[in-house]
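**Student:** First residue of the sequence shown: 13, per the working numbering; consecutive thereafter. Ideal placement from N, C-alpha and C gives every residue a C-beta, glycine not left out. Shown below is the structure under consideration.
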Amino acid sequence: GLFILGSVACGLSPTAGWLIGARGFQAVGSAMLMATSPALLTAAFPARQRGRALGLQATFTYLGLMVGPTAGGWLTQRFGWPSIFFLSVPVGLVALALTLFAVAPDAQRERREPFDPAGALLFLSGLTALLLALSHGQDWGWSSSKVIGLLVLALALLGAFLAVEKRVRFPMIDLTLFDVRIIRAATVSALLSYICVYSVTFLMPFYLMRFRGMPPGQAGLLLSAQALTMAITAPLSGALSDRIGSRLAPPP
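Quick look at the structure:
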């Protein structure tokens with residue numbers, strides 16, 4: 013619901029400031045979807061099928077990323093930029109209806125874990141300060157008092173977040189999970205993968221359109237190659253995960 017409302021607000025934004033705010037609202041809904049969908053699949057499928065299920069989810073995610081740039085470029089050329097946000101509305105409504113129809117409600121838990129407001133506030137504030145410093149470093153100067161102050165503030169807030177998470181009974185992030193070698197390795201691998209993939213995804217459109225002079229539709233079509241590759245390999249990775257788990261695949 014939040015994602016749908018955010019999409020409508022983005023399409024109706026009269027100024028860049030309103031658009032940025034609406035995108036933030038839309039991002040809250042998108043983050044909730046990204047966080048809960050793997051959990052729903054994990055609960056719905058037995059352990060021997062989870063890898064394949066998560067692989068198929070990744071396939072459809074990357075298919076969306078493949079179609080999105082191409083369709084977005086075409087819509088922008090034909091109908092203007094608001095159309096790319098309005099397109100998300102019917103898709104979101106269909107997904108919401110399917111979720112309400114197909115996903116069973118959670119069983120009543122004997123114990124409900126409370127929300128961690130202190131940890132969430134510190135984490136959000138620390139990330140905000142860090143992103144502001146990284147976003148404006150080139151304009152303000154990396155040695156300017158603003159950037160250095162924001163970096164120090166981010167370090168202090170994120171350090172306080174770690175301290176709080178170690179002490180509260182129900183932390184937002186259970187830091188003891190990182191004592192498990194498999195989780196630690198998977199987290200580092202995912203972080204490096206996302207840095208590589210989404211750095212290209214974010215920067216390449218600017219390069220293709222500004223420096224290579226490509227129209228939005230052609231740039232979107234070229235960018236779809238990356239998503240197509242990921243869509244093909246994701247179910248294969250899921251099947252391998254079901255078969256061999258976290259162990260290294262033996263040589264042929």
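Exposed or buried, T188, counting other C-beta atoms within 10 Å across all chains shown (16 or more means buried)?
**Tutor:** Numbered from 1 along the sequence shown, position 176 holds the residue referred to as residue 188. It counts as exposed.
**Student:** Assuming Q38 contacts S19 (C-beta within less than 8 Å), just tell me the rounded distance between them.
**Tutor:** One-based indexing of the sequence shown puts residue 38 at position 26. One-based indexing of the sequence shown puts residue 19 at position 7. Contact flag correct, Cβ pair sits at about 6 Å.
**Student:** Quick check on DSSP: helix, strand or coil for M184?
**Tutor:** Indexing the sequence shown from 1 puts residue 184 at position 172. Three-state result, M184: coil.
**Student:** In terms of alpha-carbon separation, which member of S205, M44, G67, S236 lies closest to R255?
**Tutor:** The sequence position of residue 255 within the sequence shown is 243, counting from 1. Ranking the options by Cα distance to R255, first place goes to G67.
**Student:** Taking all protein chains shown into account, do 16 or more other C-beta atoms lie within 10 angstroms of the C-beta of F15, making it buried, or fewer, making it exposed?
**Tutor:** By one-based count along the sequence shown, residue 15 stands at place 3. Burial call: buried.
**Student:** Looking at the secondary structure, which residues open and close the alpha helix (DSSP H) in which Y206 lies?
**Tutor:** Here the question's residue 206 lines up with position 194 in the sequence shown. Its alpha helix (DSSP H) spans residues 193 to 218.
**Student:** Between the Cα of P227 and those of T82, K158, I244, spot the shortest distance and give me the residue it belongs to.
**Tutor:** What you label residue 227 is simply residue 215 of the sequence shown in a count that begins at 1. Considering only alpha carbons, the answer is T82.
**Student:** The alpha helix (DSSP H) with P94 in it runs from where to where?
**Tutor:** Taking the first residue of the sequence shown as 1, we reach residue 94 at position 82. P94 -> alpha helix (DSSP H) spans 94 to 98.
**Student:** Determine the burial state of D128: buried for a count of at least 16 other Cβ atoms within 10 Å of its Cβ, exposed for fewer.
**Tutor:** Counting from one through the sequence shown, the residue named residue 128 turns up at place 116. Buried, because 16 or more other Cβ atoms sit within 10 Å of the Cβ of D128.
**Student:** How many angstroms separate the CA atom of A136 from the CA atom of A166?
**Tutor:** Walking along the sequence shown from the start, residue 136 turns up at place 124. Walking along the sequence shown from the start, residue 166 turns up at place 154. The question names Ala, but residue 136 is Leu in the sequence shown. Each residue's alpha carbon lies about 10 Å from the other.
**Student:** For D191, which residues in the same chain have their Cβ closer than 8 Å to its Cβ, ignoring the five residues on either side in sequence?
**Tutor:** Taking the sequence shown and counting its residues from 1, the one referred to as residue 191 is at position 179. No residues qualify anywhere along the chain.
**Student:** In whole angstroms, what separates the C-alpha of F214 from that of S49?
**Tutor:** Translated into the one-based positions of the sequence shown, residue 214 becomes position 202. Translated into the one-based positions of the sequence shown, residue 49 becomes position 37. Cα to Cα, the separation comes out at about 24 Å.
**Student:** Report yes if the C-beta distance between A231 and M221 is below 9 Å; otherwise report no.
**Tutor:** On the sequence shown, residue 231 is found 219 positions in, with the first residue counted as 1. On the sequence shown, residue 221 is found 209 positions in, with the first residue counted as 1. Cβ distance < 9 Å, so A231 and M221 count as in contact.
**Student:** Work out the CA separation of S156 and R62 for me, nearest whole Å.
**Tutor:** By one-based count along the sequence shown, residue 62 stands at place 50. By one-based count along the sequence shown, residue 156 stands at place 144. Taking the straight line from one Cα to the other gives about 49 Å.
**Student:** If you draw a straight line from the C-alpha of L7 to the C-alpha of E177, how long is it?
**Tutor:** There is no way to answer for residue 7, as the model of the chain reaches only from 13 to 264.
**Student:** Straight-line CA distance for V60 to Y74?
**Tutor:** In the sequence shown, the residue the question calls residue 60 occupies position 48. In the sequence shown, the residue the question calls residue 74 occupies position 62. Checking the sequence shown, residue 60 turns out to be Arg, not Val. Their backbone Cα atoms lie some 23 Å apart in a straight line.
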